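*Asks:*
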Amino acid sequence: MKNSKTFAKLLCLLLSVECLIFPAATVKADTMPYDTYSYDWWGEDVLQPPAYLYAEELSYLQSGTNLKNPQDLFIRDNVLYIADMDNNRIVALDTSGEMLFELSSFASKNNAEDSFKQPQGVFVTEEGHIYVADSGNGRIVEFSPEREFIREIGRPQTELITESQKYVPTKVVVDRAERIYVIAYGINMGLVEFDRNGEFQGFMGATQVSVSMFEYIWKNYFSTDAQKQRMETIIPTEYSNIFVDHNNFVYATISNLSAEDHLNGADAVRRLNPTGTDVLRRLGNTDIIGDLYSATDDAAWSSFTDIAATEYGCYFILDNAGGKIFCYDYDGNSLFIFGGKGGRAGLTRNPVALALNDDQSKIYVLDAQLGSILVYEITEYGEALLGALSAHHAGNEPLSYELWQEVLLRNANSEVAYIGIGKTYLKEGNYKEAMEYFELGNSRKYYTKAFQFYRKELMQDNFGKYMGLIAIVIVAVLIFAVSKKIKRWVGEAKCNISER
430 MKNSKTFAKL
440 LCLLLSVECL
450 IFPAATVKAD
460 TMPYDTYSYD
470 WWGEDVLQPP
480 AYLYAEELSY
490 LQSGTNLKNP
500 QDLFIRDNVL
510 YIADMDNNRI
520 VALDTSGEML
530 FELSSFASKN
540 NAEDSFKQPQ
550 GVFVTEEGHI
560 YVADSGNGRI
570 VEFSPEREFI
580 REIGRPQTEL
590 ITESQKYVPT
600 KVVVDRAERI
610 YVIAYGINMG
620 LVEFDRNGEF
630 QGFMGATQVS
640 VSMFEYIWKN
650 YFSTDAQKQR
660 METIIPTEYS
670 NIFVDHNNFV
680 YATISNLSAE
690 DHLNGADAVR
700 RLNPTGTDVL
710 RRLGNTDIIG
720 DLYSATDDAA
730 WSSFTDIAAT
740 EYGCYFILDN
750 AGGKIFCYDY
760 DGNSLFIFGG
770 KGGRAGLTRN
780 PVALALNDDQ
790 SKIYVLDAQL
800 GSILVYEITE
810 YGEALLGALS
820 AHHAGNEPLS
830 YELWQEVLLR
840 NANSEVAYIG
850 IGKTYLKEGN
860 YKEAMEYFEL
870 GNSRKYYTKA
880 FQFYRKELMQ
890 DNFGKYMGLI
900 AIVIVAVLIF
910 AVSKKIKRWV
920 GEAKCNISER
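Each residue of the sequence shown is one higher than the one before, counting from 430 in our numbering.
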């Protein structure tokens with residue numbers, strides 16, 4: 430602990446010198462058109478150092494045809510793939526914004542000329558296979574890494590979708606087991622799942638219906654038949670976007686939640702395992718719904734439109750209503766929030782998709798109204814914050830502890846930093862120190878866990894002492910009781926002798 434304090438002092442000194450020598454970084458952060466903040470244990474927004482700063486806008490394409498109402502963005506091996514809906518094409522750019530290729534017309538089965546119609550989703554596998562949600566044609570189209578047509582997957586064959594219901598796939602992802610998951614407009618039974626052969630397997634991860642007691646009683650016991658017919662049918666909400674991580678878990682966002690849903694803490698994000706069960710951890714102090722408001726606030730609730738996750742469990746969510754990016758850790762703690770809407774550089778108009786590069790050093794946000802991609806670069810504070818979480822996930826506790834100390838030097842109000850240090854102590858078996866930091870981070874869940882280990886450790890270390898003390902007390906009590914009885918017996922014996 431002494432060494433860590435010495436290191437903290439040296440680090441603080443180095444940071445002070447760096448600020449004097451390189452003041453430009455601070456000026457750049459101060460000129461950003463948005464604040465960076467997070468929510469604390471009381472649900473209050475707390476300002477913090479910027480984790481990402483706006484860098485540039487990728488808007489010019491060498492082909493001379495700008496993006497027109499693009500709807501999806503995906504990154505693989507530093508190539509940006511865009512579903513350019515109103516131009517009926519898929520565009521591939523490098524990270525500097527220069528055109529690599531576009532895919533619009535192709536030879537499909539039987540070498541027939543074919544083309545897209547308002548594609549809204551694109552996904553690329555590790556092997557380079559391109560999947561397109563060809564919305565207007567009601568199909569998923571797969572291409573080889575050389576952009577040659579492989580197959581199309583059409584309307585799922587099931588009685589659960591009536592013939593009169595139009596099938597409009599909007600988003601598509603493929604996991605490492607080659608299972609294909611599709612979001613289809615108007616289908617509220619969950620994700621449409623196909624196997625690797627394109628055979629329909631069913632619906633996965635249907636959202637649960639939430640009905641208030643008042644609505645249930647009124648609809649079933651007091652409303653007339655005419656009122657019942659006029660009432661809206663209570664149906665599950667639809668997913669707005671999906672992302673598959675390296676462990677085959679599917680993150681899904683829900684955007685069309687009502688104000689009542691937000692106030693009741695409804696699920697706006699889910700992490701679905703292959704069986705469709707939501708396994709997202711919600712151990713944070715606030716609900717994972719975006720910005721927190723009360724019923725009296727005149728503000729637009731967050732509307733999640735896309736999500737991306739890292740290998741160490743952090744996930745970034747794009748809010749279309751406020752133009753913000755929300756970042757949460759594996760436990761659901763709010764890490765940071767930044768961004769906004771407006772006309773200044775760095776602000777969005779209609780953000781619809783986001784993507785992270787491999788090391789999370791850049792965030793790419795696709796704006797449908799601007800027809801461009803906004804690029805945000807990570808700061809030193811962001812590197813320390815995400816690096817600490819990554820190191821903890823990899824089991825490198827010394828590095829994690831060092832980076833959490835750096836986070837605290839830059840942001841003393843960071844509850845997640847205190848929790849992170851507490852986790853380091855917990856993993857090392859220093860339960861008392863872990864309890865202290867969990868208390869500072871207002872983490873009741875982990876404090877209780879550390880306390881249970883600490884209590885068990887105390888019992889194991891002091892069981893012999895406690896049992897020895899208890900044995901001594903019992904023996905002393907027995908000796909006292911026996912001696913008292915002996916004295917009484919001796920007294921009674923003397924009285925009997927004297928009477929004789």
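The beta-carbon is built from N, C-alpha and C at its ideal position, and this holds for glycine as well. For clarity, every value in this text was computed on a predicted model and none was experimentally measured.
Secondary structure at methionine 618, three-state DSSP: helix, strand or coil?
*Replies:* Coil, per DSSP.
*Asks:* In whole angstroms, what is the alpha-carbon distance linking lysine 874 and glycine 713?
*Replies:* 9 Å
*Asks:* For the stretch 789 to 824, which segments carrying the beta strand (DSSP E) assignment without a break, of at least 3 residues, lie completely within its bounds, in sequence order?
*Replies:* 791 to 796 and 801 to 807
*Asks:* Out of curiosity, what's the CA-to-CA distance linking valine 804 and glutamine 500?
*Replies:* 17 Å
*Asks:* As a quick exercise: from Lys753, Glu531 and Gly858, pick the residue whose alpha carbon is nearest that of alanine 729.
*Replies:* Lys753
*Asks:* In its own chain, which residues sit with a C-beta less than 7 Å from the C-beta of tyrosine 793, not counting the 5 before and 5 after it?
*Replies:* Leu502, Ile504, Leu509, Leu783, Ala784, Ile802 and Val804
*Asks:* Tell me which same chain residues have a C-beta within less than 6 Å of the C-beta of glutamine 765, skipping the five on either side of it?
*Replies:* Checking the displayed sequence, the identity of residue 765 turns out to be phenylalanine instead of glutamine. If we look at phenylalanine 765 and ignore the five residues flanking it on each side, its Cβ neighbours are Thr465, Ser467, Ala480 and Cys756.
*Asks:* Should asparagine 677 and asparagine 702 be called a contact, given that it needs their Cβ atoms to be closer than 9 Å?
*Replies:* yes
*Asks:* Enumerate, from N- to C-terminal direction, the unbroken beta strand (DSSP E) stretches of 3 or more residues contained entirely within the stretch 461 to 490.
*Replies:* Contiguous beta strand (DSSP E) elements confined to the stretch 461 to 490 occur at 466 to 468, 474 to 476 and 481 to 487, taking only those with 3 or more residues.
*Asks:* Three or more beta-carbon pairs under 8 Å between the stretch 723 to 738 and the stretch 806 to 817, yes or no?
*Replies:* no
*Asks:* Excluding the five sequence neighbours on either side, which residues of its own chain have a C-beta within less than 8 Å of the C-beta of asparagine 779, listed in chain order?
*Replies:* Asn749, Asp796, Ala797, Gln798 and Leu799
*Asks:* Would DSSP call tyrosine 854 helix, strand or coil?
*Replies:* helix
*Asks:* Anyone know if the C-beta pair for glycine 627 and isoleucine 582 falls short of 9 Å?
*Replies:* yes
*Asks:* Tell me which same chain residues have a C-beta within less than 6 Å of the C-beta of asparagine 840, skipping the five on either side of it?
*Replies:* Gln477 and Pro478
*Asks:* So if DSSP puts cysteine 743 in a beta bridge, which residue, or which two residues, is it bridged to?
*Replies:* In DSSP, cysteine 743 forms no bridge with anything.
*Asks:* Quick one: using the 10 Å Cβ neighbour count with 16 as the cut-off for buried, is asparagine 566 buried or exposed?
*Replies:* buried
*Asks:* So, using beta-carbon positions, are phenylalanine 545 and valine 520 closer together than 9 Å?
*Replies:* no
*Asks:* Can the beta-carbon of isoleucine 511 be found less than 9 Å from the beta-carbon of leucine 496?
*Replies:* yes
*Asks:* Pick from Asn517, Asn685, Tyr680 and Asp690: whose alpha carbon is nearest that of cysteine 743?
*Replies:* Tyr680
*Asks:* On the three-state DSSP scale, how would you describe serine 564?
*Replies:* helix
*Asks:* Leucine 933 and isoleucine 671: beta carbons closer than 9 Å?
*Replies:* No answer is possible for residue 933: the residues shown for the chain start at 430 and end at 929.
*Asks:* When burial is assigned at 16 or more other CB atoms within 10 Å of the CB, is lysine 914 buried or exposed?
*Replies:* exposed
*Asks:* By a C-beta neighbour count over all protein chains shown, 10 Å radius and 16 as the cutoff for buried, is glutamate 831 buried or exposed?
*Replies:* Buried.
*Asks:* Just the Cα atoms here: how many angstroms apart are glutamine 789 and valine 845?
*Replies:* Glutamine 789 and valine 845: Cα-Cα distance of roughly 19 Å.
*Asks:* Roughly how many angstroms separate the alpha carbons of aspartate 707 and phenylalanine 745, rounded to a whole number?
*Replies:* 18 Å
*Asks:* Give the DSSP-derived three-state secondary structure of phenylalanine 678 in the structure shown.
*Replies:* In this structure, phenylalanine 678 counts as coil in the three-state DSSP scheme.
*Asks:* Could you tell me the boundaries of the beta strand (DSSP E) in which lysine 600 lies?
*Replies:* 597 to 603
*Asks:* Compare the beta carbon distance of serine 687 and serine 669 with 9 Å and say whether it is the shorter of the two.
*Replies:* no
*Asks:* Taking all protein chains shown into account, do 16 or more other C-beta atoms lie within 10 angstroms of the C-beta of proline 462, making it buried, or fewer, making it exposed?
*Replies:* exposed
*Asks:* Going by DSSP in three states, tyrosine 860 sits in which element: helix, strand or coil?
*Replies:* Three-state result, tyrosine 860: helix.
*Asks:* Would you kindly work out how many angstroms separate the C-alpha atoms of asparagine 516 and leucine 837, rounded to a whole number?
*Replies:* Cα to Cα, asparagine 516 sits roughly 48 Å from leucine 837.
*Asks:* Would you list the residues sitting across from methionine 528 in a DSSP beta bridge?
*Replies:* Looking at the DSSP assignment, methionine 528 forms a beta bridge with Leu522.
*Asks:* Let's see if you can read the secondary structure: which residues bound the alpha helix (DSSP H) around serine 731?
*Replies:* Per DSSP, serine 731 belongs to no alpha helix (DSSP H) and is neither H nor E.
*Asks:* Do isoleucine 848 and glycine 824 have their CB atoms nearer than 9 Å?
*Replies:* no
*Asks:* Measuring only the C-alpha atoms, how far is phenylalanine 733 from histidine 558?
*Replies:* Going from the Cα of phenylalanine 733 to the Cα of histidine 558 covers about 27 Å.
*Asks:* Helix, strand or coil, according to DSSP, for phenylalanine 545 in the structure here?
*Replies:* Reduced to three states, the DSSP call for phenylalanine 545 is coil.
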